[in-house]
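Numbering (my numbering), first residue to last: 11 to 343.
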């Protein structure tokens, strides 16, 4: 019954007349809508991960956005927000920016084709440690390990016990998400070892029809970065939660990511995204010192002119977000 009521509410709020009023109210101060994605997968894949949006759902979202928004580059959006003026060549539609975090291999295999076919500007925030080593971060390794069909029991001494499965899809992702959140609360230098324990308990794996999470290669990143519609930003080196490590460690990670990306791409790296959205005043100061012009958090709201350039909010979008629900989040509901 609750599901039926919820669905009726979604239909009512997204009906043209009411939604139009909600949209005008949300956009009256000309905010920038910045969306945060992670990666893509073919529609037929069964991966239980909110991070991996279906290609078909992404295409539907692009079409829905373009009905009401101009999808522009991050630089263009920031310039227009600063000047409150648009160039003569652009429309009066509000502006939306599409961003992707981490640097997963599908940015090359999937997104680049869409960028080309749809003439679609995007920003990729790349965490460089995984590109440098070719090895996924701890969270992607855990996600990969827990895709197996059937049921698995995961126990971490002193942290908890979790049952993963037997369901697939969103229920399994909720179970995996609980494990990931438990590991995020642990010290940075322990997470890889904890991930190894989980992987050992999850084996053997027999996950049906899914491609493991993994980083782009350096050559793939260079090809993606060379496209004129792609903006590359930094996302730290080790994907650390920057508010939970020392300022010196945070500076080293951020500086290393900027240094490597500039060396690999031959471009100046001006933009940053805080891993997991975690920021802190000391980290903001580090970004200023290193010359970043913008930085994004999460926040699930629109970015207004009053938002600091190094704390721009984004709206997160994932595999289990229905288009109707996303439309409501675009108008702050």
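Here a beta-carbon is modelled for each residue, glycine too, at the ideal position from N, C-alpha and C.
Please read all numbers here as calculations on a predicted model, not as lab measurements.
Inter-residue spacing [alpha-carbon to alpha-carbon] between residue i and residue j
| i | j | result |
| --- | --- | --- |
| residue 27 | residue 33 | 10 Å |
| residue 163 | residue 148 | 19 Å |
| residue 332 | residue 276 | 38 Å |
| residue 30 | residue 201 | 46 Å |
| residue 274 | residue 168 | 42 Å |
| residue 121 | residue 52 | 11 Å |
| residue 297 | residue 288 | 13 Å |
| residue 290 | residue 198 | 17 Å |
| residue 256 | residue 82 | 36 Å |
| residue 68 | residue 208 | 31 Å |
| residue 307 | residue 292 | 15 Å |
| residue 190 | residue 143 | 22 Å |
| residue 420 | residue 321 | A question about residue 420 goes unanswered here, because the residues of the chain that appear run from 11 up to 343. |
| residue 268 | residue 304 | 13 Å |
| residue 323 | residue 239 | 22 Å |
| residue 310 | residue 302 | 22 Å |
| residue 21 | residue 335 | 10 Å |
| residue 285 | residue 254 | 11 Å |
| residue 54 | residue 258 | 44 Å |
| residue 233 | residue 175 | 38 Å |
| residue 73 | residue 165 | 44 Å |
| residue 325 | residue 170 | 31 Å |
| residue 212 | residue 281 | 37 Å |
| residue 77 | residue 86 | 19 Å |
Cβ separation of residue i and residue j, assumed to be a contact under 8 Å, to the nearest whole Å
| i | j | result |
| --- | --- | --- |
| residue 58 | residue 182 | 4 Å |
| residue 41 | residue 314 | 5 Å |
| residue 133 | residue 243 | 6 Å |
| residue 327 | residue 84 | In fact, because the Cβ distance is near 16 Å, the residues do not count as touching under 8 Å. |
| residue 330 | residue 180 | 5 Å |
| residue 50 | residue 65 | 6 Å |
Cβ-Cβ distance between residue i and residue j below 8 Å
| i | j | result |
| --- | --- | --- |
| residue 223 | residue 117 | no |
| residue 24 | residue 338 | yes |
| residue 219 | residue 56 | yes |
| residue 193 | residue 178 | no |
| residue 260 | residue 252 | yes |
Cβ neighbours of residue i in the same chain (closer than 6 Å, five flanking residues each side left out)
| i | result |
| --- | --- |
| residue 263 | 246, 247, 248 and 250 |
| residue 235 | 242 and 275 |
| residue 115 | 224 and 226 |
| residue 60 | 183, 328, 329 and 330 |
| residue 119 | none |
Chain-order list of residues whose beta-carbon lies under 7 Å from that of residue i (same chain, five-residue window excluded)
| i | result |
| --- | --- |
| residue 188 | 172 |
| residue 272 | 278 and 279 |
| residue 141 | 113, 225, 226, 228 and 231 |
| residue 111 | 46, 48, 135, 245 and 283 |
| residue 75 | 81 and 106 |
| residue 98 | With a pLDDT of only 48 at residue 98, under 50, the local geometry of the prediction cannot be trusted, and no value is derived from it. |
| residue 265 | 300 |
| residue 151 | 205 and 209 |
| residue 237 | 122 and 125 |
| residue 196 | 204 |
| residue 216 | 158 and 159 |
Proximal residues to residue i (C-beta, below 8 Å), its chain only, five neighbours per side dropped
| i | result |
| --- | --- |
| residue 318 | 294 |
| residue 39 | 314 and 315 |
| residue 36 | 312, 340, 341 and 342 |
| residue 146 | 140, 154, 222, 223, 224 and 225 |
| residue 185 | 156, 172, 173, 174 and 175 |
Any non-hydrogen atom of the ligand MG closer than 7 Å to residue i Cβ
| i | result |
| --- | --- |
| residue 284 | Within the structure as shown, the ligand MG is missing, as the structure has no ligands at all. |
Residue i at chain C interface by Cβ criterion, 8 Å
| i | result |
| --- | --- |
| residue 336 | Among the chains in the structure shown there is no chain C, since it carries only a single protein chain. |
Segment contact, 8 Å Cβ cut-off, at least three pairs: the region 122-130 with the region 152-160: no
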